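Single-structure report; data block below.
There are 2 protein chains.
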Amino acid sequence: MATPLTDTSRLCIHTITTKPWTLEVAVPRYAAAGVKGVTVWRQAIEGRDPAEAGRMIRDHGLSVVSLCRGGFLAAASREGRASAVDENRRCIDQAAALGAPTIVLVCGAVPGQPLAESRRQITEGLAELAAHAAASGVRLAIEPLHPMYADDRSAINTVAQARAVCRELGSPWVGVALDVYHVWWDDSLEREIESCGREGTLFAFHICDWRTPTTDLLNDRGLMGEGCIPVRRIRGWVEAAGFGGYNEVEIFSNRRWAGDQDLFLADIKAAYLKHS
Amino acid sequence: MATPLTDTSRLCIHTITTKPWTLEVAVPRYAAAGVKGVTVWRQAIEGRDPAEAGRMIRDHGLSVVSLCRGGFLAAASREGRASAVDENRRCIDQAAALGAPTIVLVCGAVPGQPLAESRRQITEGLAELAAHAAASGVRLAIEPLHPMYADDRSAINTVAQARAVCRELGSPWVGVALDVYHVWWDDSLEREIESCGREGTLFAFHICDWRTPTTDLLNDRGLMGEGCIPVRRIRGWVEAAGFGGYNEVEIFSNRRWAGDQDLFLADIKAAYLKHS
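For the protein sequence lines, the chains are A and B, in the order given. Oh and the first sequence: position 212 is 212 in the numbering used here, straight run, nothing missing. Oh and the second sequence: position 51 is 1051 in the numbering used here, straight run, nothing missing.
Shown next as structure tokens:
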């Protein structure tokens, strides 16, 4: 079990977590709350100059932790896959301009296409992207998604599958983004995290909680402590594997988005210290 | 890939699939449609004599395939676990009276309790029940549930975990109920089904489909062919493993339950022959 957190020096928030706020509203408030990192969702910088957005974030004393998200590399047609690779090149350029060292990848899946075939397409797409990522100094972090998203969001549903893709590519620029929401149930999780540590592929760590009951497949995530995920225990495994990066709070919640975002930010900070 | 089905001789329907119908309405209609087996949900025989219900079903030319469902053997307190074992004894008695050779088990989970601890409690509960099951001639079929139910429905989320419990108990009365909805995403599924076959633990096979998008975690299952699950491919693996039992249609669907059940039954039969 990890030791309790006593400060917010490693607290990062995903812009989507406070979706009602624009980037210009969110960043100063995060900074005032003592948040030290921000993972920027692409829609938060739509229509903005990414380099300027990155400067604005750093001027407030925050680090840009990741750009979220690239991926969706599986597609039924060759044209669809080529266009996805192109889109990911643009995403890499955007991350480089923003000053984000990492892109989080939701890798994609095609309903009805065998998952193994989608994983093959994802691997091929990443193989095409690895050189551009390296040249841009941007790491690509495969996020294994919960099996309830295996139909159309990601054919990579376990850390073991993400590691298999990393091993096949053998690039130091391709690794894993671990989100407790997606992997908490996996009985091989501790061992898989250890292996990521040994292989140098643990690029990001996302936290939130799983509510009971969960009423929406996408947007009913809980704050740490509101659910059944042993967040602190998993943080312990991640740190034992050598991870020293940010603890990124990524919560999609229709309930929270409908409420006061300043109160939510205060709740995030309290839950982070008490339950992460 | 399994060969296409050409008749309904192995078609079984779960009473919950046509939830608006009472057992007395459902059974004659299933029979008229050529359905040959029925898996009875306990609420369908509430307040009825199970022996009489079983006779009524057989009088219509149908087999009672399973009683659904026992389980929920994980609990936070010793008293809770003892009471769950008692309830499962009653369930076994009910199955024996009904003439159901098998009980499907949703094994249970306690939010916040480590899943490994819940699995230990489930194993202990089944160890207490195995002798009564054997004496009653009723098999207990552990149903691995999709990881999205790991919070409060089942700490057994993969065929591998169900097999581990079976191996630990070593009783010919404890096996596995395989539902494509719960396990279709698992990259070890073909191998795990083979192992079940070798170990003689493949007790039941449930079919339906996973819709995209799925709008409800419980009650938005699809008819075979409406989603992304390779039902026929999985049936091929199941049959290659030596399974010769019923293909059980188990669909929870608010959408379908709100519609005409006679039309739904016709759709089930057509989808069964075309997509299973």
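We put the CB at the ideal spot given by N, CA and C, even for glycine. Bear in mind that the values here come from a model prediction, so they are computed numbers and not experimental data.
- Listed along the chain, the chain B residues whose CB falls inside 9 Å of the CB of HIS146 (chain A) are PRO1147 and MET1148.
- Contact between the stretch 1158–1176 of chain B and the stretch 1050–1067 of chain B is absent, with fewer than three C-beta pairs closer than 8 Å.
- Residue-level contact check: ASP1187 (chain B) touches chain A, since one or more beta carbons of chain A fall below 8 Å from its beta carbon.
- Counting only runs of 3+ residues, the beta strand (DSSP E) found wholly inside the stretch 51–75 of chain A occupies 63–71, in chain order.
- If you draw a straight line from the Cα of VAL104 (chain A) to the Cα of ALA177 (chain A), it comes to about 7 Å.
- Counting only residues of its own chain and dropping the five nearest sequence neighbours on each side, GLN261 (chain A) has a CB closer than 7 Å to the CB of THR18, PRO20 and TRP21.
- In the DSSP assignment, ALA1177 (chain B) falls within the unbroken beta strand (DSSP E) covering 1174–1179.
- Residue range 1247–1249 is occupied by the beta strand (DSSP E) that includes VAL1249 (chain B).
- Listed as beta-bridge partners of ALA1204 (chain B) by DSSP are B:ALA1177.
- In the structure shown, the three-state DSSP call for HIS1146 (chain B) is coil.
- With fewer than 16 other Cβ atoms from the protein chains shown falling within 10 Å of its own Cβ, GLU1079 (chain B) counts as exposed.
- Interface residue (Cβ-Cβ distance to chain A less than 8 Å): GLN1094 (chain B) is not classified as such.
- The beta carbon of ALA96 (chain A) lies closer than 6 Å to those of SER136 and VAL138 in the same chain, with the five residues before and after it left out.
- Rounded to whole angstroms, the separation of the alpha carbons of ALA1258 (chain B) and VAL1238 (chain B) is 32 Å.
- Of all residues in the stretch 100–131 of chain A, the ones placed with a Cβ closer than 9 Å to any Cβ belonging to chain B are ALA109, VAL110, PRO111, GLY112, GLN113, PRO114, LEU115, ALA116 and ARG119, in chain order.
- Within the stretch 148–176 of chain A, the residues whose Cβ lies closer than 7 Å to any Cβ of chain B are, in chain order, MET148, ALA150, ASP151, ASP152, ASN157 and GLN161.
- Taking a cut-off of 8 Å on C-beta distances, the stretch 1087–1101 of chain B does not touch the stretch 1266–1276 of chain B, as fewer than three cross pairs fall below it.
- Scanning chain A for C-beta atoms nearer than 8 Å to the C-beta of TRP1237 (chain B) yields nothing, as the closest lies near 13 Å away.
- Annotation for VAL1040 (chain B): no alpha helix (DSSP H) segment contains it, though the beta strand (DSSP E) segment containing it runs 1037–1041.
- Distance between LEU1223 (chain B) and HIS1182 (chain B), taken at the CA atoms: about 15 Å.
- Under DSSP, ILE13 (chain A) takes part in a beta bridge, and its partners are A:VAL38 and A:VAL249.
- Here DSSP, grouped into helix, strand and coil, assigns LEU1218 (chain B) to coil.
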